[in-house]
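Have a look at the structure below, then the notes.
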Amino acid sequence: MENLFQLVVPAGADIMGCILDFLADHKLTSVYIIGAIGSAKNIRVAAPVENDLPLRCVEIPFHSSCEIVGFTGEVMEWGCVDTELAAMYPDKDSPLFVHIHVAAASAGGHVFGGGFRGGKAFRSLRIFMLSV
Numbered sequence: 001m002e003n004l005f006q007l008v009v010p011a012g013a014d015i016m017g018c019i020l021d022f023l024a025d026h027k028l029t030s031v032y033i034i035g036a037i038g039s040a041k042n043i044r045v046a047a048p049v050e051n052d053l054p055l056r057c058v059e060i061p062f063h064s065s066c067e068i069v070g071f072t073g074e075v076m077e078w079g080c081v082d083t084e085l086a087a088m089y090p091d092k093d094s095p096l097f098v099h100i101h102v103a104a105a106s107a108g109g110h111v112f113g114g115g116f117r118g119g120k121a122f123r124s125l126r127i128f129m130l131s132v
């Protein structure tokens with residue numbers, strides 16, 4: 001499949017930074033992130049503060065290492081992003097909107113997740129993407 005890409009994020013590397021670099025290197029602007037396998041640490045996720053719209057989120061840090069059990073998302077140019085969703089992302093330094101949801105398991109089998117805001121690969125993390 002010509003449109004299937006794999007990114008390997010090495011131990012200690014910034015996951016979001018590696019994704020953005022990979023997208024730029026391959027000139028990709030419209031991508032589905034279809035999954036990932038591996039481990040991470042110091043993950044930050046966004047979670048809703050209340051059950052009302054417009055959505056307001058708070059960033060929650062998880063300082064332990066974890067296994068990634070779910071990692072899906074989308075990448076697009078900012079002009080294609082729904083305005084309410086775009087408003088939740090104040091950092092628009094990149095020309096691309098990277099929107100990922102993550103679920104991860106930490107020690108004791110505790111699972112947490114939310115909107116992925118950042119983190120580092122622990123051992124390594126393989127991310128699979130389809131260009132569209």
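By the working numbering, the letter at position 36 of the sequence shown is numbered 36, and the numbering carries on one by one without gaps. For each residue, glycine too, the CB sits at the ideal point set by N, CA and C.
Same chain only: Cβ atoms within 6 Å of residue i, ignoring 5 sequence neighbours per side
i                : result
glutamate 59     : Arg44, Ala46 and Arg117
glycine 110      : It is histidine, not glycine, that sits at residue 110 in the sequence shown. Excluding positions up to five away in sequence, the list is empty.
phenylalanine 22 : Leu7
serine 131       : Asn3, Leu28 and Val31
tryptophan 94    : Checking the displayed sequence, the identity of residue 94 turns out to be serine instead of tryptophan. Closer than 6 Å at the Cβ level, and outside the excluded window around serine 94, lie Leu20.
Beta-carbon proximity list for residue i, same chain, < 8 Å, skipping 5 on both sides
i             : result
isoleucine 68 : Ala36, Ile37, Gly38, Ser39, Ala40, Val102, Ala103, Ala104 and Leu125
serine 64     : Lys41, Ser106 and Ala107
Element boundaries [beta strand (DSSP E), containing residue i]
i            : result
glycine 119  : 110-131
asparagine 3 : Here asparagine 3 belongs to no beta strand (DSSP E), and DSSP marks it neither H nor E.
glutamate 67 : 57-77
leucine 96   : 96-106
valine 31    : 31-48
Limits of the unbroken alpha helix (DSSP H) element including residue i
i          : result
alanine 83 : The amino acid occupying residue 83 in the given sequence is threonine; alanine does not appear at that position. Taken as a continuous stretch (DSSP letters only), the alpha helix (DSSP H) holding threonine 83 covers 83-87.
leucine 23 : 15-25
Contact test: residue i Cβ vs the ligand FAD heavy atom, cutoff 6 Å
i           : result
glycine 109 : This structure does not include the ligand FAD; it has no bound ligands of any sort.
Selection from the options that minimises the alpha carbon distance to residue i
i              : options                       : result
isoleucine 127 : Ile33, Ala11 and Asn51        : Ile33
proline 54     : Met88, Cys66, Phe62 and Ala24 : Met88
alanine 11     : Pro48, Cys66 and Met1         : Cys66
proline 61     : Phe5, Met1 and Gly114         : Gly114
serine 70      : Phe112, Phe5 and Asn51        : Correcting the residue identity first, residue 70 is glycine in this sequence and not serine. Nearest option by C-alpha distance: Phe112.
Contact set for residue i: own chain, Cβ-Cβ below 7 Å, skip 5 residues either direction
i         : result
lysine 92 : Trp78
Check: Does the region 14-30 touch the region 118-127, meaning 3 or more C-beta pairs lie closer than 8 Å?
Finding: Touching, yes.
Item checked: Stretch pair the region 18-34 + the region 82-89: three plus CB contacts closer than 8 Å -> Touching, no.
Margin query: So, does the region 99-110 touch the region 71-81, judging by three or more C-beta pairs under 8 Å?
Written below: These segments touch.
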